[in-house]
Structures are given as C-alpha cells and as structure tokens.
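Here the sequence shown stands for residues 5 to 242, numbered as in the working numbering. In what follows, a single structure is set out as structure tokens and then discussed.
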Amino acid sequence: MSRAQVEGITGGMPRNDDIDKLAFLAAEAKKEGAWLEFSRFCELRAQGVRAAAMEHLKSFLQAAAHWSLEERLIFSKWVLWGSRKFHDDRVVLPHPLRTKLLIPTLRSLIETSPGEAEGHLWLGLLRCDEPWLHLEQALKLDSSCELARRTLTDWIISDVEYNQHELPSGYINDPRDDLNDLERASKLASGSAEEARVRLWQQEIAKLRARAEVWLAAKTDARNVIPFPGRKVWTVGE
5 MSRAQVEGIT GGMPRNDDID KLAFLAAEAK KEGAWLEFSR FCELRAQGVR
55 AAAMEHLKSF LQAAAHWSLE ERLIFSKWVL WGSRKFHDDR VVLPHPLRTK
105 LLIPTLRSLI ETSPGEAEGH LWLGLLRCDE PWLHLEQALK LDSSCELARR
155 TLTDWIISDV EYNQHELPSG YINDPRDDLN DLERASKLAS GSAEEARVRL
205 WQQEIAKLRA RAEVWLAAKT DARNVIPFPG RKVWTVGE
C-alpha cells in the first residue's frame, strides 16, 4: 500500500532549530557518565563537524555494546523521544546509532516484553521490517497510543495524496484500493482523543474520497492503462 520511501544521508550543518535541540541533548547527556561520548557527538554535530562527531559516536557505540538491556533501553527511549522534536531526526539518529544500538535494543524489547507497545511503536517509526505492522501492533497492545494512530493515519492520507497528484490527467494505483485505505484511515481517526486533529483528518479524507469516487465513476470503462514497476497509472482516454 505504501510507496517506497528512501532515507537520504544527512551531512553538513543542521538547521538552526535542530542545532538548538542538539545543544540541549548534549547538555542532558552530560548528566550521565556513560553518555559523555554521545554528548560530545551532539556538540560537534551542532557545529557541523560531522566527521569528528561520528568518531565520538563510534566510541559511544563500542561502549554501549557492553551495556545491559535495561541500560540500552533507558538511553534508547530517551534519545528516541528527544528526536521527535527535531525537524530532521537523522541529525541525532544517524544510521550507525539506529542499526547498532536502537534497532537491536527494540527487537530485544519486543522479544522479552511482547505485551508492551513501545517497542513496536519505535520500530514502526524507524521504518523497520513492515513499519505498518509494527504500528498496528502498537495500537493493538495500547489503543491509547496516539503517536501510532496519528502516524498510520497521516501515512495513509499522504499515500493517497501522492496517488492523486497527477489528477486530472492520471491516477496512480487503483483508486478502489485508496477508497479502502481511506475507510481505514477514517476508523483510525475516529479513535483519536485529539478532537481538532480528527476534524482536520476527516475533512481531508472526505476530499480525497470524493476525488477517487469521481475518477472511478468517469473511468470505469477506461482501457488505456500504462504499467509501471510496482504500480499502475489509470490514464485519461478510452
């Protein structure tokens, strides 16, 4: 259902607002003796000195490899929640940190505590495995997990918006699938406790649903289909 989303490589100087957040995390990390190398990573990353910052991150990860699961979880949850405030979370969650510490720790969490939602939540947000399934499992385990609900709903709406962005000349993928996904998004939205957000979601869903229905009604007999790898475009013409 989801189109491919490719994670780029972040380098150079972070945005000004992310620099401030890096400085804050650096100061917080200094309070924990075992996190000093990560603190230094944040400080140097805020200065745009990426190569030197990554050397400190390497040292931090080498030390963290010997931590207990509880110690790794404390750090992982701290930095993951902190990353939510960043414009670009890759600034503070570079690839080595994700693959060598965060993801293995979260996998251990869902193995040792299968009834907890948080491990699935973060694996989904980090787009591991089948991220949709992780977020759905997080919601199944904890229906009050607004972050999982919000993310799933936003992803569905974003995908449908993409599928409709060539209108009126073409429709990417099958609009009938989009109608099913929009129904799913509507049900997800209705379970949210954030009333203002729900109203905005339902307005957007109604708009997207109307576009899909209009296209289907007009093009039921269309036979001019141009295939693309992994997708199809319903085009104008008979």
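Think of the CB as a built atom: it goes at the ideal place given N, C-alpha and C, for glycine as much as any other residue. As the structure is a computational prediction, the values presented were derived from the model and not from experiment.
Spatial neighbours of residue i in its chain, beta-carbon cut-off 6 angstroms, leaving aside the 5 residues before and after
i      : result
ALA152 : LEU125, LEU139, ALA142, LEU143
SER112 : LEU73
ILE13  : Legend: pLDDT at ILE13 = 39, less than 50; position of this residue unreliable, value from coordinates given subsequently. Hits under 6 angstroms: none found.
LEU84  : TRP126
ALA33  : TRP39, PHE42, SER43
SER194 : none
Contacting residues, own chain, Cβ-Cβ under 7 angstroms from residue i (five flanking each side not counted)
i      : result
ASN167 : TYR175, ILE176, ASN177, ASP182
ASP22  : PHE90, HIS91, ASP92, VAL95
CYS149 : ALA121, LEU125, ALA142, LEU143
GLY37  : none
Boundaries of the alpha helix (DSSP H) in which residue i is found, first to last residue
i      : result
GLY128 : 122-129
CYS86  : Sequence inspection shows Gly at residue 86; the Cys mentioned does not correspond to that position. GLY86 -> alpha helix (DSSP H) spans 73-87.
LYS62  : 54-68
TRP159 : 150-167
THR116 : 107-116
LYS211 : 199-223
ALA33  : 20-33
GLN141 : 135-145
CYS46  : 40-50
SER196 : Per DSSP, SER196 belongs to no alpha helix (DSSP H) and is neither H nor E.
Same chain, Cβ closer than 8 angstroms to residue i, five either side skipped, listed in chain order
i      : result
ALA56  : LEU48
SER80  : LEU105, LEU106, THR109, LEU110, TRP126
LEU65  : PRO100, LEU101, LYS104, LEU105
LEU212 : ILE161, VAL164, GLU165, GLN168, ASP182, LEU186
Euclidean distance between Cα positions of residue i and residue j
i      : j      : result
SER63  : ALA69  : 10 angstroms
ALA197 : LEU129 : 20 angstroms
ARG19  : ALA221 : 46 angstroms
PHE28  : LEU145 : 32 angstroms
CYS46  : PRO100 : 14 angstroms
ALA50  : VAL218 : 49 angstroms
ILE161 : ASP185 : 9 angstroms
MET17  : LEU26  : 12 angstroms
LEU77  : GLY123 : 10 angstroms
ALA189 : SER87  : 26 angstroms
GLU75  : LEU97  : 18 angstroms
HIS208 : ASP158 : Reading off the sequence shown, one finds Glu at residue 208, where the question assumed His. Their backbone Cα atoms lie some 10 angstroms apart in a straight line.
LEU204 : TRP71  : 44 angstroms
THR155 : PRO118 : 21 angstroms
SER147 : LYS191 : 13 angstroms
GLY52  : ALA31  : 17 angstroms
ASP163 : VAL202 : 18 angstroms
TRP82  : GLU165 : 33 angstroms
MET58  : LEU137 : 32 angstroms
Start-to-end residues for the beta strand (DSSP E) that takes in residue i
i      : result
GLY174 : 174-176
Chain B within 8 angstroms of residue i, Cβ atoms only
i      : result
TRP159 : Given the protein chain composition of this structure (a single chain), no chain B is represented.
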